[in-house]
Amino acid sequence: MKNLLALCFIMATTGALHAQNKEFLKITNALQEELIGKQFLGGMYDPPCYNIEKISVLENGEISIIGSDKGCTKTILIKDSQTTINNLRVKIYQAEPRINITFFTENGDKVYRSLIELKNILKR
240 MKNLLALCFI
250 MATTGALHAQ
260 NKEFLKITNA
270 LQEELIGKQF
280 LGGMYDPPCY
290 NIEKISVLEN
300 GEISIIGSDK
310 GCTKTILIKD
320 SQTTINNLRV
330 KIYQAEPRIN
340 ITFFTENGDK
350 VYRSLIELKN
360 ILKR
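What the sequence shown shows, in the numbering used here, is residues 240 to 363, in sequence order.
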């Protein structure tokens, strides 16, 4: 009986993890589709001259962005950040360590919704 319960628990856990992985993949694909090749402002005073070459989302909510300029890599923990949208700009602010990133995209609403969906997944 214990083996059967253990097997049921393992199957349920595996199913939940598989569903969560599919959600992460969906969010990653949406962000890549909307942001690769677009400009972003990497800090408070940086000029918006970086083009996003690669963006990845880890399962702990860490988003890594690699820009076109040498050494332009930003990492945000979306779980602890504030996300706002203003027309075509999506801003992410993380207090500790202090990171402020602005994405410039034609479909800011889709990027914003993807980031909020990622936050909601991480709260579960």
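Here a beta-carbon is modelled for each residue, glycine too, at the ideal position from N, C-alpha and C. All figures in this text were calculated on a predicted structure; none of them were measured in a lab.
Which residues in the same chain as N260 place their Cβ atom closer than 8 angstroms to its Cβ, once the five residues preceding and following it in sequence are excluded? As a working mapping, residue 260 is identified with position 21 in the sequence shown. E298, listed in sequence order.
Roughly how many whole angstroms lie between the Cα atoms of K362 and Y351? Taking the sequence shown and counting its residues from 1, the one referred to as residue 362 is at position 123. Taking the sequence shown and counting its residues from 1, the one referred to as residue 351 is at position 112. Those two C-alpha atoms are separated by around 17 angstroms.
Buried or exposed: where does L264 fall if 16 or more other Cβ atoms within 10 Å of its Cβ makes it buried? Translated into the one-based positions of the sequence shown, residue 264 becomes position 25. When all chains shown are included, L264 counts as exposed.
State the DSSP-derived secondary structure class of I360, mapped to helix, strand or coil. Counting from one through the sequence shown, the residue named residue 360 turns up at place 121. If DSSP states are grouped into helix, strand and coil, I360 belongs with the helices.
K293: CB within 7 angstroms of a non-hydrogen atom of the ligand FAD: As for the ligand FAD, it is missing from this structure, which has no ligand bound.
Since K318 sits in a beta bridge, which residues does DSSP pair it with? In the sequence shown, residue 318 corresponds to position 79, counting from 1. DSSP output for K318 lists no bridge partner at all.
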